[in-house]
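Take a look at the structure below.
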Amino acid sequence: MAALLLPVSSRLPKSTAIASARPTPRFLSFPLTTAKPCRRRGGCSILASSATSPSPVAAEAQPFRSLPPSETTVLVTGATGYIGRFVVRELLRRGHRVVAVARPRSGVRGKNSPEEVVSDLAPARVVFSDVTDPGALLADLSGSGHGPVHAAVCCLASRGGGVQDSWRVDYRATLHTLQAARSLGAAHFVLLSAVCVQKPLLEFQRAKLRFEGELAAEAARDPAFTYSVVRPTAFFKSLGGQVEAVKKGNPYVMFGDGKLCACKPISEEDLASFIADCIFDREKANKVLPIGGPGKALTPLEQGEMLFRLLGREPRFIRVPIQIMDGLIWVLDGLAKVFPGLEDAAEFGKIGRYYASESMLVLDPETGEYSDEKTPSYGKDTLEHFFEKVIREGMAGQELGEQTIF
Ligand SMILES: NC(=O)c1ccc[n+]([C@@H]2O[C@H](COP(=O)([O-])OP(=O)(O)OC[C@H]3O[C@@H](n4cnc5c(N)ncnc54)[C@H](OP(=O)(O)O)[C@@H]3O)[C@@H](O)[C@H]2O)c1
């Protein structure tokens, strides 16, 4: 089985040119999906939850579903990330055996030593490996003696969102996770994706979408395999960046009138719990699942007003015209054509522009508008409670890990 799943070429192309970084590696058991990332200007609207119809999975085809959590082993990649760490903890709390994959130096700029990771994720079994090398990943997992894997959760993400890194991590390393998990027996795969892939204008979104297509293709190929694609809205960490500055007396900075975008923020614990639910819940099999936190959607203006109210101060805002970002992106895009080394700088500008103007909510296919009502809610943690804690304890007290670009 393992041999069948090995890529035709044991290593993916090393070229740094994006043109050569994008092609899908040929895997014997992963026929190319016909799903192509959307490049239409303005993006495509792919409505998540209704995008695939779940095929009924016979219980006997997936015997792990009738096992108690203590007898199921779950493989987690991206286990050292902001969400991955909480997913590992949640799975352990529910009694699963967890095999967590980590780099020898993990965290932002590799600040965490192997010992720190083992202690942080204990009692998970930590396997140090390289998810960007499919052969090494499979060999390291096969040799670590944890026995068969029943399900896998992938929380991998490019830490920066650069063009090539997105394809390396959000597509290829994620595909390697699927490949290794299937070799070890996994019958269910949970992917941490993002609600924003429904309107893919950024490279990491296209890479994620491409992988979502691979998952659907694998489920179509093997009816005993299922998946859940989890597409969350904004994480608390992405919205807490201004709390300390505002607490010190600075104004709250927002784009336009502060109503250009909205989201239903979800806490790391609630999202980890939702992801863990996906392992046994048949209702979540073969589905794309957009998910937000409790309560109504909040615009940046409402988030700023909430913050000032909690601080007992008069609201003070700086409104930055969104056109400033358009100008910056135009310049960077032009420069990147001449100096390819600036390609990522231009992409980071587009990422900033996207999150300043696009809502992290489900796009209603009927209206083409973002919809608060159509974005499901889960969990109990509110942004207001999170802001209160950051005001009280500071950002460092929130176990956010280090901020990445998202
Ligand atoms: N921020 C938001 O509001 C938001 C909202 C919805 C969805 N999302 C999605 O959630 C995901 C981000 O989750 P997160 O914040 O938990 O990410 P994160 O903290 O940046 O963690 C990324 C994980 O991927 C691993 N990784 C990255 N590059 C790697 C490489 N080259 N080799 C091996 N491992 C690598 C990291 O390992 P190391 O520790 O070794 O670096 C880490 O475990 C993204 O897909 C994003 O689109 C984010």
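Just so you know, the sequence shown maps onto residues 1 to 406 in the UniProt record's numbering.
Heads up, the beta-carbon is just placed ideally off N, CA and C, and yes, glycines get one too.
Grab the span of the beta strand (DSSP E) containing Lys-284 for me, first residue to last. If you number the sequence shown from 1, residue 284 lands on position 284. Lys-284 -> no beta strand (DSSP E), and no H or E assigned at all.
Looking only at C-alpha atoms, which of Gly-379, Lys-284, Gly-161 and Leu-260 sits nearest to Gly-295? Here the question's residue 295 lines up with position 295 in the sequence shown. With distances taken between Cα atoms, Gly-295 lies closest to Gly-379.
Limits of the unbroken beta strand (DSSP E) element including Tyr-252: Position 252 of the sequence shown, counting from 1, holds the residue named residue 252. Counting along the chain, the beta strand (DSSP E) containing Tyr-252 begins and ends at 252-255.
Taking a contact to mean a Cβ-Cβ separation below 8 Å, would you say Asp-381 touches Asp-281 in this structure? Within the sequence shown, the letter at position 381 stands for residue 381. Within the sequence shown, the letter at position 281 stands for residue 281. Taking 8 Å as the Cβ cut-off, Asp-381 and Asp-281 do not qualify as a contacting pair.
Could you please give the first and the last residue of the uninterrupted beta strand (DSSP E) stretch that includes Leu-75? Walking along the sequence shown from the start, residue 75 turns up at place 75. 73-77 is the span of the beta strand (DSSP E), which, as asked, contains Leu-75.
Kindly indicate which residue of Gly-352, Ser-113, Ser-359 and Val-163 has the alpha-carbon position closest to the one of Leu-328. Residue 328 sits at position 328 when you count from the first residue of the sequence shown. Selected option, being the one with the closest Cα: Gly-352.
Unbroken beta strand (DSSP E) runs of length 3 or more, entirely within the stretch 185-230: which are they? 188-192
Could you check if Ser-53 is buried or exposed, using at least 16 other CB atoms within 10 Å of its CB as the buried criterion? Taking the sequence shown and counting its residues from 1, the one referred to as residue 53 is at position 53. With a pLDDT of 45 at Ser-53, under the threshold of 50, the predicted position of this residue should be treated as unreliable, though the coordinate-derived value follows. Looking at its Cβ environment, which holds fewer than 16 other Cβ atoms inside 10 Å, Ser-53 is exposed.
Taking C-alpha atoms, which residue in Lys-247, Val-101, Leu-215 and Ala-234 lies nearest to Lys-389? Here residue 389 refers to the residue found at position 389 of the sequence shown. The shortest Cα separation from Lys-389 among Lys-247, Val-101, Leu-215 and Ala-234 belongs to Lys-247.
Tell me whether Gln-235 counts as near ligand 1, meaning its Cβ is closer than 7 Å to at least one heavy atom of that ligand. As a position in the sequence shown, residue 235 is number 235, starting the count at 1. Per the sequence shown, the amino acid found at residue 235 is Phe instead of Gln. Yes, the Cβ of Phe-235 comes within 7 Å of a heavy atom of ligand 1.
Would you kindly report the start and end of the unbroken alpha helix (DSSP H) that includes Ile-83? For this step, residue 83 is matched to residue 83 along the sequence shown. Element bounds for Ile-83: 82-93.
Using the rule of at least 16 other Cβ atoms within 10 Å of the residue's Cβ for burial, across every protein chain shown, is His-385 buried or exposed? If you number the sequence shown from 1, residue 385 lands on position 385. Classification for His-385: exposed.
Whole-angstrom Cβ separation of Lys-264 and Leu-301, contact assumed at under 8 Å? If you number the sequence shown from 1, residue 264 lands on position 264. If you number the sequence shown from 1, residue 301 lands on position 301. About 16 Å; that fails the 8 Å criterion.
Going by the beta-carbon positions, is the gap between Tyr-370 and Ala-262 smaller than 8 Å? Locating residue 370 in the sequence shown gives position 370, counting from the first residue. Locating residue 262 in the sequence shown gives position 262, counting from the first residue. Yes, the Cβ-Cβ distance between Tyr-370 and Ala-262 is below 8 Å.
Measuring only the C-alpha atoms, how far is Phe-211 from Arg-319? One-based indexing of the sequence shown puts residue 211 at position 211. One-based indexing of the sequence shown puts residue 319 at position 319. Going by the C-alpha atoms only, they are around 37 Å apart.
Every unbroken beta strand (DSSP E) inside the stretch 287-325 [3 residues or more]: 287-291 and 317-320
So, using beta-carbon positions, are Pro-117 and Ser-106 closer together than 8 Å? For the purposes of this step, residue 117 is taken as the residue at position 117 of the sequence shown. For the purposes of this step, residue 106 is taken as the residue at position 106 of the sequence shown. In the sequence as displayed, the identity of residue 117 is Val instead of Pro. Yes. Within cutoff.
Buried or exposed (CB count within 10 angstroms, at least 16 for buried), Ala-194: Locating residue 194 in the sequence shown gives position 194, where the first residue counts as 1. Answer is buried; the Cβ neighbour count reaches 16.
Whole angstroms are fine: how far does the CA of Val-288 sit from the CA of Leu-184? Counting from one through the sequence shown, the residue named residue 184 turns up at place 184. Counting from one through the sequence shown, the residue named residue 288 turns up at place 288. Each residue's Cα considered, the two are about 24 Å apart.
Since Met-395 sits in a beta bridge, which residues does DSSP pair it with? Within the sequence shown, numbered from 1, the residue matching residue 395 stands at position 395. Per DSSP, none; premise fails for Met-395.
Alpha carbon to alpha carbon, how far is Ser-66 from Gly-95? Give it in angstroms, no decimals. Here residue 95 refers to the residue found at position 95 when the sequence shown is read from its first residue. Here residue 66 refers to the residue found at position 66 when the sequence shown is read from its first residue. Going by the C-alpha atoms only, they are around 15 Å apart.
Any idea what DSSP makes of Asp-364, helix, strand or coil? Here residue 364 refers to the residue found at position 364 when the sequence shown is read from its first residue. Three-state DSSP puts Asp-364 in coil, outside helix and strand.
Rounded C-alpha distance that separates Ser-273 from Arg-182: In the sequence shown, residue 273 corresponds to position 273, counting from 1. In the sequence shown, residue 182 corresponds to position 182, counting from 1. Their Cα atoms are separated by approximately 23 Å.
Heavy atom of ligand 1 less than 7 Å from the Cβ of Ser-106, yes or no? Residue 106 sits at position 106 when you count from the first residue of the sequence shown. Yes, Cβ of Ser-106 sits closer than 7 Å to a heavy atom of ligand 1.
Rounded to a whole number of angstroms, what is the C-alpha to C-alpha distance between Gly-293 and Ser-359? Within the sequence shown, the letter at position 293 stands for residue 293. Within the sequence shown, the letter at position 359 stands for residue 359. Between Gly-293 and Ser-359, the C-alpha separation is close to 14 Å.
Take Asn-112 and list the residues in its own chain whose beta-carbon comes closer than 6 Å to its own, dropping the five residues that flank it on each side. Counting from 1 along the sequence shown, the entry for residue 112 is found at position 112. If we look at Asn-112 and ignore the five residues flanking it on each side, its Cβ neighbours are Ser-106.
Let me make sure I understand the geometry here. Which of Glu-115, Ala-219, Phe-204 and Val-127 has the alpha-carbon closest to that of His-188? On the sequence shown, position 188 is the one that residue 188 refers to. Nearest of Glu-115, Ala-219, Phe-204 and Val-127 to His-188, Cα basis: Ala-219.
In this structure, how does DSSP classify Ala-272 when only helix, strand and coil are distinguished? Counting from one through the sequence shown, the residue named residue 272 turns up at place 272. The answer is helix: DSSP assigns Ala-272 an H, G or I state.
Can you tell me whether Arg-40 is buried or exposed, with buried defined as 16 or more other CB within 10 angstroms of its CB? Within the sequence shown, residue 40 is the residue found at index 40, counting from 1. With a pLDDT of 32 at Arg-40, under the threshold of 50, the modelled position of that residue is not reliable, and the figure given next carries that caveat. The residue in question, Arg-40, is exposed, as its Cβ has fewer than 16 Cβ neighbours within 10 Å.
Give me the residue from Val-88, Val-230 and Gly-78 with the minimum Cα distance to Ala-102. Locating residue 102 in the sequence shown gives position 102, counting from the first residue. For the residues Val-88, Val-230 and Gly-78, the minimum Cα distance to Ala-102 belongs to Gly-78.
Is Leu-91 near ligand 1, in the sense that its beta carbon is under 7 Å from a heavy atom of that ligand? The count along the sequence shown starts at 1 and reaches residue 91 at position 91. No, the beta carbon of Leu-91 sits no closer than 7 Å to any heavy atom of ligand 1.
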